[in-house]
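Down below is the structure, laid out as structure tokens.
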Amino acid sequence: MKLSYLSIIIGLAVQSALAVPKQVKPRRTSSILINPDAQPDLPSPQAARLSAVSPANAGLNLNDIQGDILIGMKKKKELFFFFGIKDAATFKSKLASDIKSLVTTTNQLLSVSTQPITAVNIAFSQTGLNALSVTDSLGESLFAAGQFADRTALGDVTSNWVPEFSGTNVHGVILLASDTDDNIQSELANIKNILGSSITEISRLSGASRPGDQEGHEHFGYMDGISQPAVQGFTQNVLPGQALVSPGEILVGTTGDSGTRPTWAAGGSFLAFRKMQQKVPEFNKYVIDHALSVPGLNQQENTDLFGARVIGRWKSGAPVDLSPLRDDPVLAADPNRNNNFTFDHPDVPGFNLANNQTDCPFSAHIRKTHPRKDLGSEATLHHIMRAGIPYGPEVTDSEHASNKSSTDPSLERGLAFVAYQSSIQNGFHFMQQTWVNNANFIFGKPTPPGVDPIIGRVSSTTPMDTPRIISGTNPLNGAQTFSLDVEFVINHGGEYFFSPPISALSGRLAA
Ligand code: HEM
Ligand SMILES: *[C@@H]1O[C@H](CO)[C@@H](O)[C@H](O)[C@H]1NC(C)=O
Ligand SMILES: *[C@@H]1O[C@H](CO)[C@@H](O)[C@H](O)[C@H]1NC(C)=O
Ligand SMILES: *[C@@H]1O[C@H](CO)[C@@H](O)[C@H](O)[C@H]1NC(C)=O
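Here the sequence shown stands for residues -19 to -1, 1 to 492, numbered as in mature numbering (1 follows the signal peptide of the UniProt record, and there is no 0).
Structure, rendered in structure tokens:
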């Protein structure tokens, strides 16, 4: 918790001056959100308001933008409830009369005092909009066709797609976030009661931040949610090294979005959801078996270094580009320093960005997904706001001892991946297809970097666990290749949704 006491007091004062609650609801005394030191803080309500009203930002309406879009990977617990619409007329009327008032705004999440007991967001697939007879084009063909139609381009193996996502049956998703499962379950019961038989459940996925000192870390053990774009009109305090993007890269119909959208959609965002299983014991074994041999480091340090160079960050979150040989938890915990790098080192005499990967491999996950100075400038239009959460239990002793993930479905673990962007084509889809899955990216290197070691696939037709060749991981010999004979991440499918502005829930979508 890094909100200053003063900002809370001011927040409360502003709140009580502005808000005239419709009804007195129970209020929170502790946050729905995690805030590990390594992750950027959310803006205070006042800072966000100042940022949003600045004319250059075309006035983002943070009371109309759904709360999940801009806050990142900070939920304590989150349930994804995927549904189909059975009775459009009833659904529309309940959406406007009851559901809309449950949907949590961006502003509400920024201060504990305004957070609901359980935050609720809702998003629709194209077939969901169709079911509501909303046929206006949102100007995004990948959304219109759905993610199942995109699976080959993404490199997915079709047989790994679970039945619920295989096709276009999912009409929408309700996202429920809180600090306890009980809160979530009772809000879900309330919503199901409101919507009755106008919807049917297709599936659900329950996520949670990991326990204890792993809070904020994904299942392989690395701190996540550190590097997020700063959004003009929301982020007042841009951190050193943070990419600053126009709101239109994340929110449709706002400054910088070049798509053609219906007026009612402004302030909405496309939500790319993926259910990504992580094979943690297999990953750990691979890392142990490929420990580096850098002089001066012991066995454990050489093991950790290999893993860190696969990701581009140490488990603490410290970037290898700034701390190339050993973890640095103090650096990791400082958001003013932990994202302040470009992969270039002009201060090192003779350093050549084009071919020197001594500090960070070209193949590292964070470099394949965000090449920074490698492409000359930050203004790539290929930014996403990540808002996922880990799902599934911790590794069991028996999985750990056998180096194998259990096949028991109740022990499956991974990342409920969520990315928000104004264009799936330029955001998630581009990243996965053109950067992650392209062995030659970052382009023009003597040894191809290889596909992303975490999430890259050679092609949708290569069977799982076909060896993937990466390079650059050994700082002593960048040309040395490693053959990844296990795919540590399995895509079980997903869907493309549109998270509309809240006004549309009683406007266009209910009409
Ligand atoms: C199970 C799957 C995944 C795991 C375990 C994972 C893990 C991580 C970790 C540990 C980081 C570093 C923390 C940070 O900088 O915030 C990171 C960053 C990132 N990941 Fe992933 N990730 C996964 C899937 C994806 C996917 C599917 C994409 C998009 C196609 C993606 C895009 C990114 C981006 C854009 C960053 C930030 C890079 C930067 O700005 O430096 N990740 N991921
Ligand atoms: C960020 O990095 C730049 C360039 O290396 C450096 O000059 C600056 O002092 C760093 N900022 C912080 C807060 O460490
Ligand atoms: C590559 O970069 C490292 C660290 O920045 C530096 O020590 C090394 O001299 C560079 N290598 C070459 C060949 O310039
Ligand atoms: C698990 O992997 C580690 C690292 O390779 C190895 O030392 C250990 O013997 C393996 N255990 C089993 C049961 O295979």
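Idealized CB from N, CA, C, for every residue including glycine.
### Query
Any heavy atom of ligand 2 closer than 8 angstroms to the CB of residue 16?
no
### Message
What does the alpha-carbon distance come out to for the pair residue 231 and residue 439?
### Response
28 angstroms
### Task
Using the Cα positions of residue 191 and residue 200, report the straight-line distance between them to the nearest angstrom.
Taking the straight line from one Cα to the other gives about 8 angstroms.
### Task
Check whether the Cβ of residue 333 sits closer than 8 angstroms to any heavy atom of ligand 3, and report yes or no.
yes
### Query
Taking 8 angstroms as the cut-off, does the CB of residue 384 come closer than this to any heavy atom belonging to ligand 4?
yes
### Message
Tell me the rounded alpha-carbon separation between residue 59 and residue 489.
### Response
Answer to the nearest angstrom: the Cα atoms are 27 angstroms apart.
### Message
So, with DSSP's three-state summary, where would you put residue 173?
### Response
helix
### Task
Using the DSSP secondary-structure output, state which residues sit across from residue 366 in a beta bridge.
401
### Task
Indicate, with yes or no, if ligand 2 has a heavy atom lying under 8 angstroms from the CB of residue 321.
yes
### Task
Verify whether the separation of the beta carbon atoms of residue 72 and residue 113 is less than 9 angstroms.
In contact: residue 72 and residue 113 (Cβ atoms closer than 9 angstroms).
### Which of helix, strand or coil DSSP assigns to residue 267
helix
### Message
Within 8 angstroms, do at least three Cβ pairs link the region 437 to 453 to the region 239 to 248?
### Response
no
### Task
Within 10 angstroms of the Cβ of residue 429, are there 16 or more other Cβ atoms? Answer buried if so, exposed if not.
buried
### Task
For residue 383, I'd like the list of residues in its chain whose CB is within less than 6 angstroms of its CB, leaving aside the five on either flank, ordered along the chain.
none
### Message
I'd like to confirm the pairing. Which residues does DSSP put opposite residue 258 in its beta bridges?
### Response
395, 471
### Message
At a cut-off of 8 angstroms, would you count residue 301 as near ligand 5, judging by its Cβ distance to the nearest heavy atom?
### Response
Although ligand 5 was asked about, the structure shown includes only ligand 1, ligand 2, ligand 3 and ligand 4 as ligands.
### Message
Would residue 412 and residue 212 be called neighbours here (beta carbons separated by less than 9 angstroms)?
### Response
no
#### Entry: Inter-stretch contact (C-beta, 8 angstroms, three-pair minimum) for the region 450 to 463 and the region 201 to 210
no
### Cβ contact check for the region 9 to 28 and the region 182 to 198: 3 or more pairs under 8 angstroms
yes
### Query
Considering only residues of the same chain and omitting the five flanking positions on each side of residue 123, which have a CB-CB separation below 7 angstroms?
131, 405, 406, 410, 477, listed in sequence order.
### Query
CA-CA distance, residue 234 and residue 41?
10 angstroms
### Task
Answer yes or no: do residue 399 and residue 253 have a C-beta to C-beta separation smaller than 9 angstroms?
Between residue 399 and residue 253, the C-beta gap is smaller than 9 angstroms, which places the two residues in contact.
### Query
For ligand 1, any of its heavy atoms closer than 8 angstroms to the Cβ of residue 329?
No, the Cβ of residue 329 stays beyond 8 angstroms of every heavy atom of ligand 1.
### Task
Please state whether DSSP places residue 65 in a helix, a strand or coil.
Reduced to three states, the DSSP call for residue 65 is strand.
### Query
According to DSSP, what are the bridge partners of residue 59?
158, 188
### Query
Can you list, in chain order, the residues of its chain whose CB lies under 7 angstroms from that of residue 418, leaving out five sequence neighbours each side?
136, 432, 437, 438
### Query
Anyone know if the C-beta pair for residue 151 and residue 177 falls short of 9 angstroms?
no
### Task
Check whether the Cβ of residue 353 lies closer than 8 angstroms to any heavy atom of ligand 2, and answer yes or no.
no
### Inter-residue Cα distance where the pair is residue 142 and residue 397
14 angstroms
### Beta-carbon proximity of residue 91 to residue 187, cut-off 9 angstroms
no
### Query
Is it true that the CB of residue 83 sits closer than 9 angstroms to the CB of residue 182?
no
### Message
Looking at the secondary structure, which residues open and close the beta strand (DSSP E) in which residue 283 lies?
### Response
Here residue 283 belongs to no beta strand (DSSP E); instead the alpha helix (DSSP H) covers 280 to 292.
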